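Novice: Residue numbers for the sequence shown follow the UniProt record's numbering, beginning at 1 and rising by one.
Glycine is no exception: its CB is placed at the ideal position from the N, C-alpha and C atoms.
Please read these numbers as outputs of a predicted model, since none were measured by experiment.
The structure follows.
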Amino acid sequence: MAHVGALPTIHRYVTTHDSNGKAIFDKTFPEENPMKRNDDGIAFALSYTTKGFPVSMDNDEDLKVYGGFLKDTPGLVVSGGTVLRHVDIPPDTACTMHRTVSLDYGAVLEGEVELLLDSGEKRLMKRGDVAIQRGTMHQWINPSKSEWTRMLFVLQPSKPLKVAGETFGEELAGMAGVRSSH
1 MAHVGALPTI HRYVTTHDSN GKAIFDKTFP EENPMKRNDD GIAFALSYTT
51 KGFPVSMDND EDLKVYGGFL KDTPGLVVSG GTVLRHVDIP PDTACTMHRT
101 VSLDYGAVLE GEVELLLDSG EKRLMKRGDV AIQRGTMHQW INPSKSEWTR
151 MLFVLQPSKP LKVAGETFGE ELAGMAGVRS SH
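Written out as structure tokens, the structure is:
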């Protein structure tokens, strides 16, 4: 599968060591990282995942964890681990307003995206901009009528957020192609 929309194919290069301890490129997974398009047109690529802190790379344990998640795709967040995900958003498209129980870094790689919060506040993010998403209700909107947006996310689980005596959990509101992280 080449690419979704007008954006180039993502290549992911994983490193490892040979039997002499020299750094080499791992060949466990194809370098081409395919995007999977959901019913709403938004496409995801699970670029890497880990489980446990700190991550164990002995005997390629982390590669085995990632391989398992490729066979059984996790929710947006991996409990006790991290997720590296690319997301392509078609022109004039918005995801569902949602919340994860995680601390996320979201960087715009291509195009522009509007980050809308449930308070009504919003920011237009351009290529190179980063959002630090701290368990808030939010929505990603590609306002362009013709250009795709590509984002890179790193998600790590957090404790459930408590604000003003209320504890907030995951809220996905039926997000297309995404299962619960529980």
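May I ask you to report which of helix, strand or coil DSSP gives residue 165?
Specialist: Reading the sequence shown from its first residue, position 165 is the one you call residue 165. Coil, per DSSP.
Novice: Check this for me: beta carbons of residue 94 and residue 139, under 8 Å apart or not?
Specialist: Along the sequence shown, read from residue 1 onward, the residue named residue 94 stands at position 94. Along the sequence shown, read from residue 1 onward, the residue named residue 139 stands at position 139. Yes, the pair counts as a contact, with Cβ atoms nearer than the cut-off.
Novice: Just to confirm the assignment: which complete beta strand (DSSP E) runs, minimum length 3, are found wholly within the stretch 132-157?
Specialist: Within the stretch 132-157, the complete beta strand (DSSP E) runs of at least 3 residues are 138-142, 149-157.
Novice: Just to confirm my understanding: we take residue 154, look at its own chain, exclude 5 residues before and 5 after, and list those with CB closer than 6 Å. What are they?
Specialist: Here the question's residue 154 lines up with position 154 in the sequence shown. Only 84, 105 meet the Cβ criterion.
Novice: Once DSSP output is grouped into helix, strand and coil, what is the label at residue 33?
Specialist: Working through the sequence shown from its first residue, we reach residue 33 at position 33. DSSP places residue 33 in strand when its eight states are reduced to three.
Novice: I need the straight-line Cα distance from residue 98 to residue 170, nearest angstrom please.
Specialist: In the sequence shown, the residue the question calls residue 98 occupies position 98. In the sequence shown, the residue the question calls residue 170 occupies position 170. Between the alpha carbons of residue 98 and residue 170 lies a distance of about 8 Å.
Novice: Measuring only the C-alpha atoms, how far is residue 123 from residue 114?
Specialist: Your numbering for residue 123 matches position 123 in the sequence shown. Your numbering for residue 114 matches position 114 in the sequence shown. C-alpha separation (whole angstroms): 6 Å.
Novice: Rounded to whole angstroms, what's the CA-CA distance from residue 126 to residue 158? Just pull it up for me.
Specialist: Sequence index remark: in the sequence shown, residue 126 carries index 126 (1-based). Sequence index remark: in the sequence shown, residue 158 carries index 158 (1-based). For residue 126 and residue 158, the distance between alpha carbons rounds to 27 Å.
Novice: Based on Cα-Cα distance, which residue from 67, 103, 119, 173 lies nearest to residue 96?
Specialist: Locating residue 96 in the sequence shown gives position 96, counting from the first residue. For the residues 67, 103, 119, 173, the minimum Cα distance to residue 96 belongs to 173.
Novice: From residue 102 to residue 111, what does the alpha carbon distance come to, in whole angstroms?
Specialist: Here the question's residue 102 lines up with position 102 in the sequence shown. Here the question's residue 111 lines up with position 111 in the sequence shown. Rounded to the nearest angstrom, the two C-alpha atoms are 25 Å apart.
Novice: Keeping to the same chain, check which residues put their C-beta closer than 8 Å to that of residue 91; ignore five residues upstream and five downstream.
Specialist: Taking the first residue of the sequence shown as position 1, residue 91 is located at position 91. Here residue 91 has 142, 144, 145, 146, 147, 148 as same chain residues with Cβ atoms under 8 Å from its own Cβ, once five neighbours each way along the sequence are excluded.
Novice: Using the beta-carbon count (16 or more within 10 Å), is residue 51 buried or exposed?
Specialist: One-based indexing of the sequence shown puts residue 51 at position 51. It counts as buried.
Novice: Which value, in whole angstroms, describes the spacing of the CA atoms of residue 63 and residue 43?
Specialist: Taking the first residue of the sequence shown as position 1, residue 63 is located at position 63. Taking the first residue of the sequence shown as position 1, residue 43 is located at position 43. Going from the Cα of residue 63 to the Cα of residue 43 covers about 23 Å.
Novice: Rounded C-beta distance between residue 15 and residue 29? I'm assuming under 8 Å.
Specialist: The residue given as residue 15 occupies position 15 in the sequence shown. The residue given as residue 29 occupies position 29 in the sequence shown. Not a contact, Cβ separation roughly 12 Å.
Novice: Of the choices 23, 32, 20, 18, whose alpha-carbon is the least far from that of residue 11?
Specialist: Residue mapping note: residue 11 aligns to position 11 of the sequence shown, counting from 1. Considering only alpha carbons, the answer is 32.
Novice: Quick one: what's got a C-beta closer than 6 Å to residue 1's C-beta in the same chain, skipping five residues either side?
Specialist: As a first step, residue 1 must be located in the sequence shown, where it is residue number 1. With a pLDDT of only 37 at residue 1, under the threshold of 50, the placement of this residue in the model should not be trusted; the figure read from the coordinates follows. So the qualifying residues of the chain are 34.
Novice: What are the partner residues of residue 114, as DSSP defines its beta bridges?
Specialist: To locate residue 114, count along the sequence shown from 1; it is residue 114. Beta-bridge pairing links residue 114 to 124, 141.
Novice: Tell me the rounded alpha-carbon separation between residue 150 and residue 132.
Specialist: Locating residue 150 in the sequence shown gives position 150, counting from the first residue. Locating residue 132 in the sequence shown gives position 132, counting from the first residue. Using only the alpha carbons, I get a separation of about 16 Å.
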